[in-house]
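Heads up: the structure comes next, in structure tokens.
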Ligand SMILES: Nc1ncnc2c1ncn2[C@@H]1O[C@H](COP(=O)(O)OP(=O)(O)OP(=O)(O)O)[C@@H](O)[C@H]1O
Ligand SMILES: [Mg+2]
């Protein structure tokens, strides 16, 4: 028995016989439409025309330059365009030699961005996005997010994308790894775009912080800004500035993550104000490792304790009492603190917070330390007290004072859950991959993520490495009449 259904109206299906089995279900095939050839040609001609116009408008500068050269070659002979090209080449070479920054800004970077847009991003855009599942097909038509702009920096590319209507940035965050592999980057971060519906994708090509940064020079006293001490470098090459005035800082990182370099870079940046008596550093050093190297420095320009049987807790309590006195004196008089010789800015550095609040065997000492720290962190900000606490373990049970530290730094961490515990919810999804920082000191020590006030996106930073010799030099600078070798 044969099946044959005739099409009665457009859009209806036709059943065609495919096999001889009379019990098999009929196979439905769509109707075949025959287009007039002229119409097909016309549609394709219009399509080509539109694409050509779009290409010419998008590449107006190179197209005009090439046409002008071609025209001059046609009108005056081939030597003219060759001469023009040679002159332009020499001019650009001289510009690059004389004023490199402006050459990079106006020529090298835009050309590179254009090149990478055309030959990396536009070229692989559709296949990568289709494979990553960021396109949609509806009624047989493919909808593709569009590429708006590419900006290159020496180590990364920022790509502005117009998402599909109804898409959200987290759809892109979920496939960040696919995008990184697809476009040959080591890492992709998704950042808020310039307006709703758009996102910036940050493709990191090479690690700008892979090399250790040597200790920064001790600044001049007039350059020290307690609202932004220079302690290292951000991924984009700008200085990493750490705020101490009006805040407290928690540094979290596994053992060997480089907490010491953050602490010492900060002390180094503070040194000129310590020498002039406007800043005091009170150091609490339960491990007797990190800070003991500068013990003489702290004893002269602040205080120092590593005494586990109560000395460290006493130091914290003294600070808390003094802070209360200050608060009483300042009450109603001033709201913003300016350091003076009478009331110096006091930085309380605690190398291992958990030793005082969790690991210390004596319960009474733990309680006292915890309450002194709570007093200092909750009330000290406006009266010139800043607590810098370092901690290996970011888990909640270890430190329930964590939320009292407004500024937090996540160095290399052991587990991915700890990232959000340190930097706040969603930080890891926004690119703070602190658990993936290399454990090789040369590459990863001192590298971490911070959240700056200006943006919710975490920024990757690296602290400068203050070596033992640098610390010795600082001590020699601060205490010239001391036999440094003997003291250290
Ligand atoms: N910023 C840095 N750049 C390069 N190397 C660094 C940096 N900071 C530290 N290092 C290297 O990493 C090693 C460990 O650093 P550090 O002692 O500061 O770690 P830590 O986080 O204090 O560890 P722990 O919790 O065990 O005290 C140092 O001996 C040093 O060689
Ligand atoms: Mg340490």
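Numbering (UniProt numbering), first residue to last: 1 to 488.
Beta carbons are placed, not taken as given, at the ideal position from N, Cα and C, and that holds for glycine.
The model shown is predicted, which means the values in this text are computed figures rather than measured ones.
| request: Using only the heavy atoms of ligand 1, determine whether one of them is closer than 7 angstroms to the beta carbon of residue 117. | output: Here residue 117 refers to the residue found at position 117 of the chain shown. No, Cβ of residue 117 sits at least 7 angstroms from all heavy atoms of ligand 1.
| field | Cβ shell of residue 437 (< 6 angstroms), same chain only, five flanking positions each side left out | value | The residue labelled residue 437 in the question sits at position 437 within the chain shown. Contacts found: 412, 444, 447.
| message | For residue 421, tell me which candidate among 251, 79, 154 has the shortest Cα-Cα distance. | response | To locate residue 421, count along the chain shown from 1; it is residue 421. Cα-wise, what sits closest to residue 421 is 251.
| query | Going by DSSP, which residues form a beta bridge with residue 355? | reply | In the chain shown, counting from the first residue as 1, residue 355 sits at position 355. In the DSSP output, where bridge partners are listed per residue, residue 355 has none listed.
| task | Spatial neighbours of residue 190 within its chain, please: CB distance less than 7 angstroms, with the 5 preceding and 5 following residues excluded, ordered by chain position. | result | The count along the chain shown starts at 1 and reaches residue 190 at position 190. Contacts found: 169, 172, 173, 176, 199, 201.
| said: Quick check on the DSSP output: the beta strand (DSSP E) that includes residue 449 runs from which residue to which? | reply: On the chain shown, residue 449 is found 449 positions in, with the first residue counted as 1. Taken as a continuous stretch (DSSP letters only), the beta strand (DSSP E) holding residue 449 covers 447-451.
| request: Please state whether DSSP places residue 325 in a helix, a strand or coil. | output: Position 325 of the chain shown, counted from the first residue, corresponds to residue 325. Looking at residue 325 - three-state DSSP - the assignment turns out to be helix.
| said: Which of the three DSSP states is assigned to residue 488 in this structure? | reply: As a working note, residue 488 is residue 488 in the chain shown. Note on residue 488: pLDDT 44, under 50, position unreliable in the model; no value is reported.
| field | Completely contained beta strand (DSSP E) runs for the stretch 381-427, where each covers 3 or more residues | value | 385-391, 407-410
| message | Is it buried or exposed, residue 33, if we count other Cβ atoms within 10 angstroms and call 16 or more buried? | response | For the purposes of this step, residue 33 is taken as residue 33 along the chain shown, with counting starting at 1. The residue is exposed, with fewer than 16 neighbouring Cβ atoms inside 10 Å.
| query | Does the beta-carbon of residue 111 have 16 or more other beta-carbons within 10 angstroms, so that it is buried, or is it exposed? | reply | For this step, residue 111 is matched to residue 111 along the chain shown. Burial call: exposed.
| Span separating the alpha-carbon of residue 206 from that of residue 182 | Residue mapping note: residue 206 aligns to position 206 of the chain shown, counting from 1. Residue mapping note: residue 182 aligns to position 182 of the chain shown, counting from 1. Cα to Cα, residue 206 sits roughly 16 angstroms from residue 182.
| query | Closer than 7 angstroms from C-beta to any heavy atom of ligand 2: which residues, in chain order? | reply | 259, 260, 287, 289, 290, 351, 390
| said: Does the contact criterion of 3 or more C-beta pairs under 8 angstroms hold for the stretch 130-141 versus the stretch 114-121? | reply: no
| query | Hey, residue 393 and residue 416 are a contact pair by Cβ (cut 8 angstroms); roughly how many whole angstroms apart? | reply | For the purposes of this step, residue 393 is taken as the residue at position 393 of the chain shown. For the purposes of this step, residue 416 is taken as the residue at position 416 of the chain shown. That pair is no contact at about 15 angstroms.
| said: Just verifying my parser: in three-state terms, what is the DSSP assignment at residue 350? | reply: Locating residue 350 in the chain shown gives position 350, counting from the first residue. Looking at residue 350 - three-state DSSP - the assignment turns out to be strand.
| query | Looking only at C-alpha atoms, which of 402, 440, 442 sits nearest to residue 423? | reply | By 1-based counting over the chain shown, the position of residue 423 is 423. Among 402, 440, 442, the Cα nearest to that of residue 423 belongs to 402.
| query | Is the beta carbon of residue 465 within less than 7 angstroms of some heavy atom of ligand 1? | reply | As a first step, residue 465 must be located in the chain shown, where it is residue number 465. Result yes, Cβ under 7 angstroms from ligand 1.
| request: Measure the alpha-carbon distance for residue 55 versus residue 149 and round it to whole angstroms. | output: Taking the chain shown and counting its residues from 1, one reaches residue 55 at position 55. Taking the chain shown and counting its residues from 1, one reaches residue 149 at position 149. Rounded to whole angstroms, residue 55 to residue 149 spans 15 angstroms at the Cα level.
| request: Could you say which of 449, 38, 479, 293 lies nearest to residue 257 if we only look at CA atoms? | output: The sequence position of residue 257 within the chain shown is 257, counting from 1. Of the listed residues, the one whose Cα sits closest to residue 257 is 449.
| request: Find the nearest neighbour of residue 363 within the set 384, 387, 308, judged by alpha-carbon distance. | output: Looking up residue 363 in the chain shown gives position 363. Comparing Cα-Cα distances from residue 363 to each of 384, 387, 308, the minimum goes to 308.
| message | So, with DSSP's three-state summary, where would you put residue 245? | response | Residue 245 sits at position 245 when you count from the first residue of the chain shown. Three-state result, residue 245: coil.
| Inter-stretch contact (C-beta, 8 angstroms, three-pair minimum) for the stretch 295-308 and the stretch 278-287 | Touching, per the Cβ criterion.
| Per-residue burial, residue 352 [other beta carbons within 10 Å of its own, 16 or more giving buried] | To locate residue 352, count along the chain shown from 1; it is residue 352. Per the 10 Å Cβ criterion, buried.
| field | Residue span of the alpha helix (DSSP H) that contains residue 474, given as start and end | value | Sequence index remark: in the chain shown, residue 474 carries index 474 (1-based). Boundaries of the alpha helix (DSSP H) around residue 474: 468-478.
| request: Along the beta strand (DSSP E) that carries residue 229, what are the first and last residues, could you check? | output: Numbered from its first residue, the chain shown carries residue 229 at position 229. Here the beta strand (DSSP E) through residue 229 covers 229-234.
| query | What span of residues does the alpha helix (DSSP H) with residue 299 cover, start to end? | reply | One-based indexing of the chain shown puts residue 299 at position 299. It spans 295-301 - the alpha helix (DSSP H) in which residue 299 sits, taken as one unbroken run.
| query | Are at least three pairs of beta-carbons, each pair with one atom in the stretch 312-327 and one in the stretch 364-383, less than 8 angstroms apart? | reply | yes
| request: Determine the direct distance from the alpha carbon of residue 461 to that of residue 48, and round the result to whole angstroms. | output: Translated into positions along the chain shown, residue 48 becomes position 48. Translated into positions along the chain shown, residue 461 becomes position 461. Taking the straight line from one Cα to the other gives about 48 angstroms.
| task | Answer yes or no: do residue 345 and residue 384 have a C-beta to C-beta separation smaller than 8 angstroms? | result | Here residue 345 is taken as the residue at index 345 of the chain shown, counted from 1. Here residue 384 is taken as the residue at index 384 of the chain shown, counted from 1. Yes, the pair counts as a contact, with Cβ atoms nearer than the cut-off.
| said: Any heavy atom of ligand 1 closer than 7 angstroms to the beta-carbon of residue 392? | reply: Residue numbering aside, residue 392 sits at position 392 when the chain shown is read from its first letter. Yes, Cβ of residue 392 sits closer than 7 angstroms to a heavy atom of ligand 1.
| message | Tell me which residue opens and which closes the alpha helix (DSSP H) that residue 136 is part of. | response | Position 136 of the chain shown, counting from 1, holds the residue named residue 136. Counting along the chain, residue 136 falls outside any alpha helix (DSSP H), though it belongs to the beta strand (DSSP E) covering 136-138.
| field | Three-state secondary structure (DSSP) of residue 288 | value | Here residue 288 corresponds to residue number 288 of the chain shown, with the count starting at 1. In the structure shown, residue 288 sits in coil (DSSP, three-state: anything other than H, G, I, E or B).
| With a CB to CB cut of under 8 angstroms and the five nearest residues on each side skipped, what residues in its chain are close to residue 342? | As a working note, residue 342 is residue 342 in the chain shown. Within the same chain, residue 342 has no close Cβ partners at all.
| Pairwise C-alpha distance: residue 157 and residue 487 | Here residue 487 refers to the residue found at position 487 of the chain shown. Here residue 157 refers to the residue found at position 157 of the chain shown. Per-residue confidence for residue 487 stands at a pLDDT of 45, beneath the threshold of 50, marking its modelled position as unreliable; the derived number appears in the next sentence. Their backbone Cα atoms lie some 49 angstroms apart in a straight line.
| query | So, helix, strand or coil for residue 305, using DSSP? | reply | In the chain shown, counting from the first residue as 1, residue 305 sits at position 305. DSSP places residue 305 in strand when its eight states are reduced to three.
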